[in-house]
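Quick note on numbering: the sequence shown equals residues 2 to 554 in the working numbering.
Beta carbons: idealized from backbone N, C-alpha and C, even for Gly.
On a predicted model such as this, the values are computed, not experimentally measured, just so you know.
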Amino acid sequence: MSIKALRLRITPPGGVPFEHECAAASLVLGRERAADISISDPYLSRQHARLFQDGDDWFLESLTTKNTTLLNGRPIRGRERVAHGDEAQLGSTRVRFQQKGEPTPAPIVLPAATTVFRSASAVLEQAGTLPLDVGGDALRRLTERLKLVNEVHRAVAGRIAPDDLLQLLLDRVFDHLSPEDAAVFLKDKDGELRPAMSRRPPGVKGEPFFSRSLALEVAGKGMAALVQDAIVDSRFASSESIVMSGVRSIVAAPLLDTEGSLGMIVLSSHAHVRRFSEEDLELLVSLSSAVTLRIRTIALAEEALQHRLLEKDIDRARDIQMSMLPTVFPARAEFALSAALRPARSVGGDLYDFLEGPDGVWFFLGDVSGKGFPAALLMAVTRTLFRASAPDETSPSALLGRMNRELSRDNERAMFVTGFAGRLDLATGEVAFSNAGHNRPYVIGQDGAVRSVGEAAGMVMGVDGDFEYPVGVVALAPGDTLYLYTDGVTEALDAASRQYGEARLEARLRELAQAPVGTVVQETLHAVQEFAGSTPQSDDIAVMAVRYLGLTK
């Protein structure tokens, strides 16, 4: 039927209903005084909606994105035709469309299926705007809400524990919004929502109400949600968690700040006990915003504390690891030995060690795969195996074979160790050695000649427990030095991503042929550091120098 005339019955929140005859073909409803129909409703936009005639029909369109305009309980999409008997909700104001002369009906409650999702930031922005023309009950409610939010702000500004903060939030929502169930869910380190605090009436047991579909919108997308009756809403009717709980009315707000969502707070109730409103939604968003920053601050403070404690633990671990390696070296007439280790991190996987005997000296330098604590643990195991095995073995092949069998046992993480083991015979200057996939060491002659020792190469330890390592022999003349190193030396990078390389190392060793072994060790390390400059060290570095001095007469 064509609509020739239209009468509006307008019921503002807490005010007296009034009627308006539509004499113009277009009129704007809103909070500002310049609107064609000015309504005292703090939840209206200044220009909230427009009613206009097109031909014989009247249409309603929303002019705001901050607050959903409903027609017969459904959000308006674009423009919607209105008919006699329809009812719209603008903010907290009801507008009924009537024929001229139609008797005033009893107040109509909007359909229970009303569900609203709004951006929490938009809700917060509107909640912070106090209209100049608000009065009566609306002003009283606004004043109470502002007092409550200010109270919470003052409370969270002081020293407060995390649990006390969440308890404060739940206490306030129970006092002012009267839900049957309230719960705060926080995201764990994997981004999963976990119940952090809940409150229920005395005697009520079980888990707090939780809906994944609701969580996706609220905690996932930062939307505030108002569900007036979940059972008859198609978006939630299929949710088993909601149907089984008997929950009908829900209001939820994200715990949202500039860094993202920390979680959400959800209030729920059976419809016959409590049906939440848009005012409740705005108050919950305001309260959740007040505590979110404090939650983030507390979390950051706890994270910083844990980081400091971890740093202390790492420092202790570094001290323990470094104390495992010898720092006092032999001062004997037959040979000289020196070594040094520089982890890329606080702890590392490179290692060195030696064992003196009356007629010879065992020495070992190794590199564990990986970095950090796992490598450091395997480094400790490898050193222990060297110390326990060397005194009982007669050849480097048998020594590495024994170490390899133990390292291969139950090696579920498939970590491995490269290593070079040798024994210097003090009577002859001969070094018997075996190489488990390690960098080839150098012999530095007294005359400055530098040559690599490439024989007796074998498999890394920890892979094949049955591998048999070949043995090589290199003869050192008095004054010759055997120089061992890990790949952190030659693979060190400068700012241009160039490697230090073997050529630079060999050149530096030639220059240090006559220097004491301690100087050889420290100066080669210094050369690598000077080459890398400000580029962070990417791998552990260990070096060792063993010089044969000959037998004393």
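Secondary structure at F330: coil, using DSSP grouped into helix, strand and coil.
Distance from the Cα of T525 is smallest, within the candidate group P479, L61, L506, for L506. Within the DSSP bridge table, the entry for K190 names no partner.
Rounded to whole angstroms, F175 and A183 show a C-alpha spacing of 8 Å. In the same chain as E335, and ignoring 5 residues on each side of it, the C-beta atoms closer than 8 Å to its own belong to L427, Y549, L550, G551, L552, T553, in chain order.
Per DSSP, reduced to three states, the secondary structure at D230 is coil, with no helix or strand assignment. Counting only the Cα atoms, G361 lies some 24 Å from V382. Non-local beta-carbon contacts of R509 in its own chain, meaning distances under 8 Å to residues more than five positions away in sequence, involve E524, T525, A528 in chain order. With respect to the C-alpha of V267, the residue from R200, E304, S498 having the closest C-alpha is R200.
In terms of CA proximity to F19, L9 leads the group L9, L28, A26.
Residues of the same chain with a CB within less than 7 Å of the CB of V464, apart from the 5 flanking positions on each side, are S409, F417 in chain order. For V96, the enclosing beta strand (DSSP E) stretches over residues 94-99. Closest option to Q168, judged by alpha-carbon separation, among K188, A197, D191: A197. For Q90, the enclosing beta strand (DSSP E) has its first and last residue at 88-91. Minimum Cα-Cα distance from R388 among the listed residues A376, F364, V369, S398 corresponds to F364. Residue pairing by DSSP puts Y353 in a beta bridge opposite L366.
Rounded to whole angstroms, S212 and V219 show a C-alpha spacing of 10 Å. Residue burial is scored here from C-beta neighbours: S290 has at least 16 other C-beta atoms within 10 angstroms and is therefore classed as buried. Here S250 is buried, its C-beta having at least 16 other C-beta atoms within 10 Å. In the three-state reduction of the DSSP assignment, A254 falls in the strand class, which pools E and B.
Membership of A533 in the alpha helix (DSSP H) is indicated by the continuous run 518-533. Its chain contains F118, R119, S120, A121, E218, P255 as the residues whose beta carbon lies nearer than 8 Å to that of M224, once the 5 sequence neighbours on both sides are disregarded; these appear in chain order. H21 sits in a strand when the DSSP states are folded into three classes. A Cβ-Cβ separation of about 19 Å leaves P392 out of contact with F421 under the 8 Å criterion. Under the DSSP assignment, S539 falls outside any alpha helix (DSSP H); it carries neither an H nor an E label. Between E280 and V124, the gap from beta carbon to beta carbon reaches 9 Å or more. In this structure, S46 and P13 do not form a Cβ contact; the two beta carbons are roughly 14 Å apart against a cut-off of 8 Å. DSSP links M462 through a beta bridge to V418. Nearest neighbour of A35 by Cα position, chosen from E22, C23, H49, Q530, turns out to be H49. For Q168, there is no enclosing beta strand (DSSP E); the residue is part of the alpha helix (DSSP H) that begins and ends at 163-178. Apart from the 5 residues on each side of it in sequence, L379 sits with its Cβ closer than 6 Å to the Cβ of V369, M416 in its chain, given in chain order.
If you look at S212, you'll find it isn't in any beta strand (DSSP E); DSSP assigns it neither H nor E. Less than 9 Å separates the beta-carbon of F468 from that of G402. Taking a 10 Å sphere around the C-beta of S453, we find fewer than 16 other C-beta atoms and assign the residue as exposed.
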